[in-house]
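Reading through the structure tokens given below for one structure.
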Amino acid sequence: METHLADWFKGTPDGIEAEAILRACVHCGFCTATCPTYQLLGDEKDGPRGRIYLMKQVMEGAQPTLTTMTHLDRCLTCRNCETTCPSGVRYGHLVDIGRKLVEERVQRPLGQRMARTVLREGLTRRWLFDPAMRLGKLVRPLLPEVLKTKVPEARDPGSWPTDSHLAKVLLLNSCTQGAMMPGIDHATARVLDRLGVQAIIEPSSGCCGALRYHLNDHEGGMADARRNIDAWWPYLEAGVEAIVMNASGCGVMVKDYGHLLRNDPAYAERAARVAAMTFDLIEWLPQRLAPALSPGGAGGSGQRPGTPGAPELAARRVAFHPPCTLQHGQQIKGAVERLLAGWGAQILPVPDVHLCCGSAGTYSVLQPVYSRELRDRKLAALQSGGPEVILSANMGCLSHLQSGTGTPVRHWIEWLEAQLPESPGAAAAPDSAAAAAPAAAS
Ligand code: SF4
Ligand code: SF4
Numbered sequence: 002m003e004t005h006l007a008d009w010f011k012g013t014p015d016g017i018e019a020e021a022i023l024r025a026c027v028h029c030g031f032c033t034a035t036c037p038t039y040q041l042l043g044d045e046k047d048g049p050r051g052r053i054y055l056m057k058q059v060m061e062g063a064q065p066t067l068t069t070m071t072h073l074d075r076c077l078t079c080r081n082c083e084t085t086c087p088s089g090v091r092y093g094h095l096v097d098i099g100r101k102l103v104e105e106r107v108q109r110p111l112g113q114r115m116a117r118t119v120l121r122e123g124l125t126r127r128w129l130f131d132p133a134m135r136l137g138k139l140v141r142p143l144l145p146e147v148l149k150t151k152v153p154e155a156r157d158p159g160s161w162p163t164d165s166h167l168a169k170v171l172l173l174n175s176c177t178q179g180a181m182m183p184g185i186d187h188a189t190a191r192v193l194d195r196l197g198v199q200a201i202i203e204p205s206s207g208c209c210g211a212l213r214y215h216l217n218d219h220e221g222g223m224a225d226a227r228r229n230i231d232a233w234w235p236y237l238e239a240g241v242e243a244i245v246m247n248a249s250g251c252g253v254m255v256k257d258y259g260h261l262l263r264n265d266p267a268y269a270e271r272a273a274r275v276a277a278m279t280f281d282l283i284e285w286l287p288q289r290l291a292p293a294l295s296p297g298g299a300g301g302s303g304q305r306p307g308t309p310g311a312p313e314l315a316a317r318r319v320a321f322h323p324p325c326t327l328q329h330g331q332q333i334k335g336a337v338e339r340l341l342a343g344w345g346a347q348i349l350p351v352p353d354v355h356l357c358c359g360s361a362g363t364y365s366v367l368q369p370v371y372s373r374e375l376r377d378r379k380l381a382a383l384q385s386g387g388p389e390v391i392l393s394a395n396m397g398c399l400s401h402l403q404s405g406t407g408t409p410v411r412h413w414i415e416w417l418e419a420q421l422p423e424s425p426g427a428a429a430a431p432d433s434a435a436a437a438a439p440a441a442a443s
């Protein structure tokens with residue numbers, strides 16, 4: 002696509018990147034048909050090609066309007082269009098740049114500004130979010146329906162392993178997952194422990210930065226990234242094997258640290274190393290799992306410590322929802338399904354598996370109507386084969402999907418753990434991931 006960027010933008014780091022992306026687009030429109038918001042709204046400007054045109058106009062000097070902003074806001078950043086695009090257009094990076102330019106030039110209505118500030122500042126601070134979520138879970142039965150769907154039911158996360166191992170990996174000290182669904186980190190740590198690997202959550206690390214970054218606070222998102230790099234660096238120097246992500250939305254962000262901080266001389270090199278050492282759990286686990294534990298020895302009781310009364314963890318009929326951040330953002334496809342099938346799951350076919358569930362970070366709060374519609378469509382597809390349990394790989398998707406169905410929705414690592422042969426003994430430990438973090442990964 003021919004472009005003539007405005008002088009104020011041309012030659013800047015964002016301008017150079019945006020120009021390369023825009024030039025790769027040949028406006029073929031293949032991406033449009035697979036875009037969830039185009040499918041919902043049928044408007045070219047609510048599809049990737051239309052949004053690319055809108056952003057190009059702004060980058061060439063046109064004054065954006067509230068309408069421009071609305072079309073960009075409606076994008077889920079699911080990156081389905083990147084998977085479809087035959088020209089390799091990196092739409093995700095382009096829309097990050099385009100949204101920031103529009104945000105700087107258009108005054109948002111007050112209500113939207115307030116909502117975004119609350120999300121940006123409230124969700125990323127654990128000292129604020131953790132007690133709020135604890136209280137929410139306590140009074141959940143009394144909450145109005147609209148709030149109840151945002152607060153998962155309280156579940157015992159089970160024990161946190163106490164053994165030290167020579168092999169260590171870092172987990173993210175995530176901003177919301179620890180409070181909303183602590184069982185995911187606990188199950189991950191227990192499975193790793195069974196494999197002789199110690200999971201470490203460094204308390205001085207925190208939100209991956211995606212939340213701020215995708216709310217157009219690029220500086221705030223990069224500050225989160227720098228804080229995590231500083232927190233993790235001593236562990237990497239001490240020989241930690243990997244940074245393992247059990248939330249694909251955070252994983253895709255951390256894998257992008259090298260790109261985001263490429264122009265920061267103080268962090269570029271370390272950011273690239275952190276990104277290179279970051280793996281989704283499904284990328285890292287199978288190679289360790291296969292030699293140590295095999296499905297042949299599986300008990301499959303579905304009743305592990307901390308999962309009393311969770312028959313869905315022993316269920317066999319499974320529908321898997323691959324989050325967009327896994328299948329489009331990280332281009333990891335079919336790996337979870339293969340692993341689960343190897344451990345006895347009957348993976349049911351799901352129509353339109355490439356489409357977003359509508360969760361998309363803060364999208365479910367900021368665009369509730371479209372988000373709900375996409376959720377209901379996704380649930381209809383997931384439930385078409387009659388699953389006993391729906392599994393996924395990202396906390397946001399789990400919580401969003403669960404808000405619309407009585408079918409249990411769990412993280413795949415929780416289901417997998419329940420299939421492993423009984424452990425010789427699982428000691429109770431503090432219900433605090435941070436408490437398990439050692440002073441150093443020596
Ligand atoms: S499929 Fe790719 S090249 Fe074609 S219009 Fe979409 S982004 Fe542009
Ligand atoms: S990121 Fe998703 S919602 Fe946004 S334009 Fe691409 S396919 Fe459509």
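Going by this note's numbering, the letters in the sequence shown line up with residues 2 to 443, in that order. Note that CB positions come from ideal geometry on N, CA and C, so glycine has one too.
Enclosing beta strand (DSSP E) for residue i [first to last residue]
i, result
"V170", "A168 to L172"
Sub-8 Å separation of residue i and residue j beta-carbons
i, j, result
"G250", "G12", "no"
"V192", "K169", "no"
"C357", "N81", "yes"
"R378", "Q347", "no"
"H219", "K101", "yes"
"A276", "G259", "yes"
"M70", "V96", "no"
"S400", "F321", "no"
"C36", "M2", "no"
"R141", "R213", "no"
"L282", "N247", "yes"
"D47", "Y39", "yes"
"R52", "L73", "yes"
"P422", "L294", "yes"
"L417", "L341", "yes"
"C176", "R127", "yes"
"C32", "C86", "yes"
"L216", "T363", "yes"
"V253", "F280", "no"
Those residues which DSSP pairs with residue i across a bridge
i, result
"D281", "M246"
"S404", "Beta-bridge pairing links S404 to no other residue."
"A200", "V170"
"S393", "H322 and H412"
"Q347", "R318"
Rounded C-alpha distance that separates residue i from residue j
i, j, result
"D15", "P49", "19 Å"
"E374", "A226", "33 Å"
"A382", "M182", "24 Å"
"L172", "A7", "43 Å"
"A361", "A291", "33 Å"
"E242", "M278", "8 Å"
"Y236", "G184", "24 Å"
"A419", "I202", "23 Å"
"G62", "C29", "24 Å"
"D186", "V59", "42 Å"
"C66", "L143", "Here the sequence assigns Thr to residue 66, which means Cys is not the residue at that position. Taking the straight line joining both Cα atoms gives about 41 Å."
"T408", "V390", "6 Å"
"Q384", "L167", "43 Å"
"P312", "E154", "16 Å"
"A19", "W285", "33 Å"
"P350", "A34", "21 Å"
"Y92", "E104", "18 Å"
"G222", "R75", "21 Å"
"L380", "A269", "41 Å"
"A267", "D194", "35 Å"
"L262", "V255", "11 Å"
"L41", "G359", "11 Å"
"R289", "L139", "38 Å"
"R117", "E146", "22 Å"
"K334", "P323", "8 Å"
"I414", "D257", "24 Å"
"K131", "C208", "The residue asked about is misnamed: residue 131 is Asp in this sequence, not Lys. Approximately 13 Å, taken between the alpha carbons."
"K149", "S165", "39 Å"
Opening and closing residue of the alpha helix (DSSP H) in which residue i lies
i, result
"V354", "Unbroken run through V354: none, as it is neither H nor E."
"S372", "P369 to L383"
"H329", "No alpha helix (DSSP H) contains H329, which DSSP labels as neither H nor E."
"P296", "Where P296 is concerned, there is no enclosing alpha helix (DSSP H), given that its DSSP letter is neither H nor E."
"K138", "R127 to L139"
"Q113", "L111 to L124"
"G264", "Residue identity differs from the one stated: residue 264 is Asn in this sequence, not Gly. No alpha helix (DSSP H) holds N264; DSSP gives it neither H nor E."
"L148", "E146 to K149"
"N81", "N81 to T85"
"C32", "F31 to A34"
"R106", "Y92 to R106"
- Mind listing, in chain order, the residues whose beta carbon lies closer than 7 Å to a non-hydrogen atom of ligand 1? A25, C26, V27, H28, C29, G30, F31, C32, T33, P49, R50, I53, C82, T85, C86, P87, S88, V90 and Y92
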